[in-house]
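For the sequence shown, the residue numbers in my numbering are 1 to 340. Built from N, CA and C at the ideal position, the CB exists for glycine as well. Scroll down for the structure; my scribbles are underneath it.
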Amino acid sequence: MSTKHQNETAQKSQTLRRTKEVSNTCVICDTNFVTVRKSRCCSERCRQILRSNKKHTGTEGYDYITCPVCDQRVKQITSKHALSHDYNDAKHMAAKLNMPMITCEKLKEQSQGKNNPGYQHNGKFSKFSKNFIHGYDTDWIKQRAKKHSEFRNNNKELFKTNIEYWQALYPEDSNKAKSEYKKFQTRDLDYFVNKYGETEGKKRHQQKIERWAKSMPKFNYSMVSQELFDQIKNEYNNTSSNIYYATNDREDMKHYENKEYRLKTASSYVMPDFVDLSNKKIIEFDGDYWHSKAKVNPEREKRRHDQILAAGFDVMYVREQNYKKNKQKVIAECLEFLTE
């Protein structure tokens, strides 16, 4: 047989093998399919999953996580992956499927602190930062914010910060929905204990309280109240080293814009308007705006009052309208309270 004839015979045999249909079962989804090649997967998606599963090895949970829908091994469930399964994003998918995590522990370790390639990058890698290396796109930011706002408004039942979420969760019990919504907003000690257990719950609650105390608003006082406190300080026959109020410039409070004393109570912190630590006396200034009927919260005010008393302090309340009517009288009453 000539070489030319041998080549033609080999080509015909190869072509026949390529076009011969063979029945097979997909190793990923167990689907029966017909192929002209020795393919192990029925689709490109299944081939992608097979490659991913070969790539990610080790311990599940630490080195990778497994998608509960398609069994694909990944380091992290991304929004794109969640969208492929008809979920809004990764968090939505995790909530609906009760997934314990959406990112493996190894990836978390690699992206925390100094392990993160973008550690302290000062915003140069973020499109939301004005320091972004490719330029801050104002139009893109506005459009994205608008799109996000529209999505939240049209899907209120997906977000725990909305009452609609709790109403959808408890459609037959409106009172239960309201109470759970309020409990979620409060996140008190009971919330942390129920979620993390007695020891860890108390620890996390304390950390939350300390963060809250450090991040208080810079200016949550009225200038009228500071005028009163300045007068009291000037006429008070006592050392000012133990007096704290918002604009009283103190060396030990220089890192705060608001110099109000952070009073530790049994379960939280209270920031009195004016406090004299030497005599354990507190003066609270009730402004006309925040302490009007429309703004005041009686339960919160009573809880605050009880916390102050429990900490061993006496407290006096001054109404703004009374101070404006007769300033000298109110100043005299405050000085009498502080020295009695």
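- Shown here, Val224 sits in a helix according to DSSP, grouped into three states.
- Residues Arg40, Cys41, Leu50 of the same chain have their beta carbon placed closer than 7 Å to that of Val27, with the five preceding and five following residues left out of the count.
- Annotation: the continuous beta strand (DSSP E) that includes Ser23 extends over 22-25.
- DSSP assignment within the region 70-108 yields the following whole alpha helix (DSSP H) runs of 4 residues or more, N-terminal first: 79-84, 90-97.
- Lys264 has Tyr269 as its beta-bridge partners, per DSSP.
- Within the region 149-181, the complete alpha helix (DSSP H) segments of 4 residues or longer fall at 163-169, listed in chain order.
- In this structure the region 98-109 touches the region 63-77; the number of beta carbon pairs closer than 8 Å is three or more.
- Under the three-state reduction of DSSP, Thr31 is assigned to coil, being neither helix nor strand.
- By the criterion of at least three beta-carbon pairs nearer than 8 Å, the region 218-237 is in contact with the region 272-282.
- By the Cβ criterion, the region 300-313 is not in contact with the region 330-337, since fewer than three pairs of Cβ atoms, one from each stretch, lie closer than 8 Å.
- Inclusion of Leu338 and Tyr236 in the CB contact set at 8 Å is warranted, their separation being smaller than that value.
- In this structure, Phe285 keeps its C-beta atom at 8 Å or more from the C-beta atom of Glu340.
- With distances taken between CA atoms, Trp140 lies nearest to Phe128 out of Phe159, Phe128, Val193, Tyr119.
- Nearest to Glu210 by C-alpha distance, out of Glu198, Asp89, Lys264, is Lys264.
- Secondary structure note for Asp306: its alpha helix (DSSP H) is the uninterrupted segment 298-310.
- In this chain, the alpha helix (DSSP H) harbouring Val330 covers 327-339.
- Between Lys280 and the set Lys147, Lys108, Asn155, Tyr244, the nearest pair of CA atoms involves Tyr244.
- Straight through space, the alpha carbons of Gln120 and His134 are spaced by roughly 18 Å.
- The bridge partners DSSP lists for Tyr236 come to none.
- Annotated three-state conformation of Ile283 is strand, per DSSP.
- In the DSSP annotation of this structure, the continuous segment of the beta strand (DSSP E) that includes Ile243 starts and ends at 243-245.
- Residue pairing of Ile141 in beta bridges, as defined by DSSP: absent, with no partner found.
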